[in-house]
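Visitor: Numbering (my numbering), first residue to last: 277 to 383.
We treat Cβ as the ideally placed atom computed from N, Cα and C, and that holds for glycine.
Please read all numbers here as calculations on a predicted model, not as lab measurements.
Mind having a look at this structure? Questions to follow.
Written out as C-alpha cells, the structure reads:
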C-alpha cells in the first residue's frame with residue numbers, strides 16, 4: 277500500500293493484482309495465478325499439475341468484476357472497503373480504496 281489518508285488508501289496495480297491473486301487462490305482451486313487484462317476480459321492464468329506435467333490454463337471469471345474481487349480480497353484481510361476507484365496518473369494505474377465510514381451520532 278502506498279499511503280493512507282483519513283478515509284482511503286492507494287494500491288499500486290501490482291499490489292492490487294497480488295491481493296486479488298492471493299484471494300482467488302484461497303477461494304478457488306488455483307495456484308500460481310497471473311492476471312492479464314483482468315478488468316476487460318475477466319481472465320486469469322493459473323498452473324495445474326496433470327500426470328506430473330505443469331499445464332498453464334486460462335480461466336474466465338464470469339460472476340464478478342475486478343473491483344468486486346479486489347474489494348472481497350481486502351475484506352478478507354480485515355479492511356472494511358466500501359468503494360474502489362481506478363486512478364491513472366502519468367501512465368501508471370493505481371486503485372484508490374475507500375473505507376466504510378461509520379456515521380457519528382450526536383449526543
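#1: With a 10 Å radius around its C-beta and 16 neighbouring C-beta atoms as the bar for buried, classify residue 296 as buried or exposed.
#2: For residue 377, which residues of its own chain have a beta-carbon under 8 Å away from its beta-carbon, when the five flanking residues on both sides are left out?
#3: By alpha-carbon positions, which one of 290, 344, 349, 322 ends up nearest to residue 336?
#4: Among residues of its own chain, excluding the 5 on either side of residue 356, which ones have a beta-carbon nearer than 8 Å to its beta-carbon?
#5: Taking only runs of the alpha helix (DSSP H) that begin and end inside the region 310-370, which ones reach a length of at least 4 residues, in chain order?
#6: Identify the continuous beta strand (DSSP E) that holds residue 287 and give its terminal residues.
#7: Let me confirm a value: residue 293 is counted as buried when at least 16 other C-beta atoms fall within 10 Å, else exposed. Which label applies?
#8: Look at the alpha carbon of residue 369 and the alpha carbon of residue 352, and state the distance between them as a whole number of angstroms.
#9: What is the rounded straight-line gap between the Cα of residue 345 and the Cα of residue 362?
Guide: Reading from the atomic positions:
#1: Classification for residue 296: buried.
#2: Only 283, 358 meet the Cβ criterion.
#3: Checking every option, the nearest Cα to that of residue 336 belongs to 322.
#4: Excluding sequence neighbours, residue 356 sits near 375, 376.
#5: Here the runs fully enclosed are 314-317, 342-352.
#6: Start and end: 284-288.
#7: Burial is judged here by how many other beta carbons sit within 10 angstroms of a residue's own beta carbon; residue 293 has at least 16 and is buried.
#8: Taking the straight line joining both Cα atoms gives about 23 Å.
#9: Using only the alpha carbons, I get a separation of about 14 Å.
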